Amino acid sequence: MLLSLIIPIYNVEKYIEECLESVCCQLVAGVEVILVNDGTPDSSMLIARKYISERYNNLKEQFVFIDQENQGLSGARNTGIQHATGKYLAFLDSDDKVDPKYLTKILNIIKEVKVDIIQFEAKRFNECGKEFPFLKDINLKGVVELNDKIYENIFKNSAWFCWLRVYKKELFESLKFPLGRNFEDAYLVPKLFLNSKTAFFLEDTLIYYRENFKGITFTFSSKNLADLEWVVIHMIEQIVLNKNFSFSSINLFFHLCLLSSKNESFIDFCKRVLHLNRLFKCNLSLVDVKSYKVKFFLLFPYLFSLLFFIKNRVNS
């Protein structure tokens, strides 16, 4: 098997058919689709089974259906990885969809080039079907040997959504998605890159990401903040092992500040900032910092906290 596409299923009965149709209409030999029912309370998995049986029964042998008690997104993905037989792994959220040329493009690269990771472009879309740009261009194309200069580009500009790439399965032999945590992709995907030697960068848009303002990325909760802070702290601690973690940790830190300043009291916000400021200073040399905004945060954390908090409260 060349490719295993892992799709966790949970509370997506409104979108699952659209997701599956985008895959089934281009499914070819050498690809298996693993549907992991993560204890969904709705009819998502029943709809998926029925849809495939009635519309694509001739492809049924290429589907693997797994039912498990709820373990969260990480648990569902880890289960899919355990059952995957493909040389490469891909991930798709069950409310998103793939481009009609998704499988053709990926399989061509897998067959023609030996790389560890394949990265492509994505677009956002809303309930009205309107599409929006998704990522900054990292200006990489084709086969790339991964080195410090390339890593710096990737860590500065990439979003860490796992579905934005295809991975050689062996990369997951010693790595798993962290159970019980949100922002699990930001924890794992940088490590997958650092364990890789080569990557292929496609300029094609192959994934369409459903914009959900009720999702984890945009929604405030104490758990979301705690999990995001956990990822930031983990990345800060990794800086001593690889300096490129400084770029990602800083990017996520500012996202954390944005969520916290809009939803927490100034005292709680300030506590978070000061705590992370101390950690950054222990692991990051001021000499290596190029951004004036980051230098200001490191040198004047109290003033940074006040100005950041006021600015975002006024804007919100």
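For the sequence shown, the numbering used here gives the first residue as 309, with consecutive numbering after it.
For every residue, glycine included, the Cβ atom is placed at its ideal position computed from N, Cα and C.
Since the model is a prediction, treat every value here as computed from it, not as a measurement.
Does DSSP classify Tyr323 as helix, strand or coil? coil
Got a sec? Which residues, its chain only, sit under 7 Å from Ser504 by beta carbon, not counting five neighbours each side? Asp424, Ile425, Leu454, Leu479
Minimum C-alpha distance to Leu587 - residue among Ala467, Gly394, His542, Lys413: His542
Are there three or more Cβ pairs, one per stretch, closer than 8 Å when the region 435-451 is compared with the region 479-495? no
Is it a yes or a no for the region 312-322 touching the region 340-354, going by three-plus beta-carbon pairs under 8 Å? yes
Report the three-state DSSP secondary structure of Asp596 (helix, strand or coil). helix
Are the region 428-436 and the region 512-520 in contact at 8 Å, needing three or more beta carbon pairs? yes
Given Val602, which residues of its chain have a CB within under 8 Å of its CB, disregarding the five upstream and five downstream residues? Ile558
Could you say which of Lys405, Ser351, Lys551, Asp535 lies nearest to Gly437 if we only look at CA atoms? Lys405
Taking the alpha-carbon of Ile417 as reference, which of Asn365, Lys322, Phe509, Val539 has the nearest alpha-carbon? Phe509
Which runs of the alpha helix (DSSP H) at least 4 residues long sit entirely within the region 527-579? Give them in chain order. 530-546, 553-571
Does the distance from the C-beta atom of Leu415 to that of Gln334 stay below 7 Å? no
Quick check: the Cα distance between Ala337 and Phe501, rounded to an integer number of angstroms? 28 Å
Could you check if Ile618 is buried or exposed, using at least 16 other CB atoms within 10 Å of its CB as the buried criterion? exposed
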